[in-house]
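Using this note's numbering, the first residue of the sequence shown is number 46, and each one after it goes up by one. The structure under discussion appears below in the form of structure tokens.
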Amino acid sequence: VKFDFLGLRTLTAIHDTLRHLSSLRGIEIDLAALPLTDAATYETLTRGDTDGVFQSESKGFTELTMKLRPDRFTHLIDLMALYRPGPLQSGMADDFVERRHGRRKVVYALPQLEEILSGTYGVIVYQEQVMEIAKALAGFTLGEADVLRKAMGKKDDALMEKQKAHFLEGAKANGIPERKASEIFELVRQFGGYGFNKSHSAAYALIAYQTAYLKTHYPLEYYSALMTSESGDTDKIIRYIAHCREKGIPILPPDVNESRFAFFPAGNAIRFGLGAVKGLGEGAIESIIEAREERPFESVRDMLARVDLRKVNKRAVESLIKSGGLDSLDVDRGAVFNGLPALIEEAQAEVRRKESGQFSLFGGKAEEKKPAQRKGGEPPPAPAWTRRDRLQYEKEALGFYITGHPLDSCAAEIAMYANATTGKLAGFNHGAEVKLGGIVASLKEKVTKRGEKMAILTLEDLEGTVEVTVFPRTYQERREILSTSAPVFLLGRIEKGEQGVKVTMDELFLIENVRERLARSVHFDILLDRVGTAEISELRRVIARNAGDKKGFLHVFRAGEYEAIIALPEGAGVSPSLELARELRNRFGYGVLRLH
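What follows is the structure in structure tokens.
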């Protein structure tokens, strides 16, 4: 017996989700008794909402899931086995999808194979099926069948020929003609070479189902636990924050009176933990939590008077201000930041007075009697931070934007014209063309061996960041745009290497010019694996509601078979509006609309 023990971060996220449900809502969930037939969970997966679902987040896996449209647990087991290079490149995965939807007939070479392969629509998906075929047709023992399985895995031709002779001999003894037995063995050789261990696939599928179930029914608790478990991966946190906002889940900044160490559900929102604040060490967090257990902090002065200033030092308090962690104390971030040195000096002086037994300025109601102080206890007003200042400081303190994002005003525009996000780039092939919207988070200028200037920049969107290479000619042409802080739209090509996924920039322009530059015609991709007559009728209604002057084209195709391009008739033009993008996304998911 072979056991694989995998230390998965996902298991911690599941455990923490159950702990949140138990402690905050009194809901007890027994994973062992979780129904594997929940329709809402399968609907979540079918529409491509796979972010945060174990082993299912990549672009390719999401697309295969949407094609297969799983509606039972065995389909998830099959997906785990099919999403590998062999089945994908050989066409085996597409063949499975076609058979699952009844568009390709399932034929068994012998009646004995139906019992073994009916669960996978006649396709040999698992190593266990190879072993069962050898036992049923050729009388192999379990040990002999395992030798055959290993030979296939090693792709050892000499050993396979020996196994074939043994298989034909056993099949003949069972009354199976040699020609038919040889045909079946070659079929087993062809598909069995990609065979996956079913027990391994089932174990992964179970975790995938559990995470999808928790995400579907308890998104607040699940995303809180998920972001805590992924707190070291900035890009993932950015992506999950964006997905929470898409689902209408507010993300709240840290709060000295409410936050725990990690992310946690707060009402109908998710609250940042103090542990996410850069510059706020574990000792400082412990001091803050210990002090507020007696009673909540009422002002900045009150907080400084009660925490250990050796742990909660000036840098720590500055980080709290920048992150929004003191907002609940009714302070203006800019004012309290500018007045912080004086506040800390005053608090330290008070500590010294206490230690020497002198009267405390913070005792009784002395603080409330000072007319120059507002409720928050901050010094006289200083110039307020602009929205841009506030967001930039949030990112500095947390690594993320919380109360907003520089791309908020153009997020819908980006969603309509982009064909990728930074979070999905790993699913594109090397050399693939991508369209991305974002802001230039950083730029480093370099000089080539020929003395020409080029740049390496970081493009940030709502889901994360990606490194972009800008070669000399493009850099010279677009240098002015790159120097601005305005949202931009980038056209480029995927570069995959040992250091991960990067993009080489071909073109760049401001988001405000995206319609003028890109929208010449409107294209609708209709995958017959995913839609039927009702969906086609709905698409017609959506197009009619968004009439305009751009030419429209329907691209009707079936995975692995064909594509038919149908031009919409004259007078049936389309408007590339944000409303069109929204309707299509809500009804059909992502990937339906393209603009050229």
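The C-beta atom is built at its ideal place from N, Cα and C for all residues, glycine as well.
Listed in chain order, the alpha helix (DSSP H) runs fully inside the stretch 554-631 are 559-563, 578-590, counting runs of at least 4 residues. Close CB contacts of Tyr438 within its chain, under the 6 Å cut and outside five residues either way in sequence, are with Lys367 (chain order). By the neighbour-count definition (other C-beta atoms within 10 Å, threshold 16), Val511 is a buried residue. Phe445 and Asn358 have their C-alpha atoms roughly 23 Å apart.
Counting every other CB atom within 10 Å of its CB across the protein chains shown gives Glu505 a total of 16 or more, marking it as buried.
Residue pairing from DSSP places Leu536 in a beta bridge opposite Lys480, Glu552.
Contact annotation: Ala58 and Ala311 have beta-carbon atoms that are not nearer than 7 Å. Taking the Cα positions, Asp375 is about 42 Å away from Lys480.
Secondary structure note for Thr503: its beta strand (DSSP E) is the uninterrupted segment 498-506. About 46 Å separates the beta carbon of Lys243 from that of Ile330, a gap too long to meet the 8 Å contact definition. When secondary structure is reduced to three states using DSSP, Arg194 falls in the helix class.
Residue environment for Arg194: buried (at least 16 other C-beta atoms within 10 angstroms of its C-beta). Nearest to Arg495 by C-alpha distance, out of Val362, Gly468, Phe516, Leu265, is Phe516. Membership of Gly509 in the beta strand (DSSP E) is indicated by the continuous run 509-515. With a threshold of 16 other beta carbon atoms within 10 Å, Pro299 meets it and is buried. Note: Ile315 is bridge-paired with Ile296, Pro310 in the DSSP secondary-structure output. By the CB criterion at 7 Å, Ile296 and Ile283 fall outside the cutoff.
Residue state for Phe241 is assigned as strand, using DSSP reduced to three classes. Burial state of Arg590 is exposed, judged by a 10 Å Cβ sphere holding fewer than 16 other Cβ atoms.
The Cβ neighbour count for Ala253, taken over all protein chains shown within 10 Å, is at least 16; the residue is labelled buried. A Cβ-Cβ separation of about 16 Å leaves Gly326 out of contact with Arg305 under the 8 Å criterion. In the DSSP annotation of this structure, Arg337 is not part of any beta strand (DSSP E); the continuous alpha helix (DSSP H) holding it starts and ends at 327-339.
Exposed is the label assigned to Gln544, since fewer than 16 other Cβ atoms lie within 10 Å of its Cβ. Under DSSP, no beta-bridge partner is assigned to Ser68. Where Arg360 is concerned, the enclosing alpha helix (DSSP H) starts and stops at 359-368. With contacts defined as CB atoms closer than 7 Å, Arg538 and Gly476 qualify as a contacting pair. Cα atoms of Leu613 and His568: separation of roughly 10 Å, rounded to the nearest angstrom.
Within the model, the alpha-carbon separation for Thr186 versus Glu159 is close to 20 Å.
When DSSP reads this structure, Ser101 sits in no beta bridge, so it has no partner. Arg518 carries a helical assignment under DSSP once its states are collapsed to helix, strand and coil. In this structure, Thr55 keeps its C-beta atom at 7 Å or more from the C-beta atom of Phe118.
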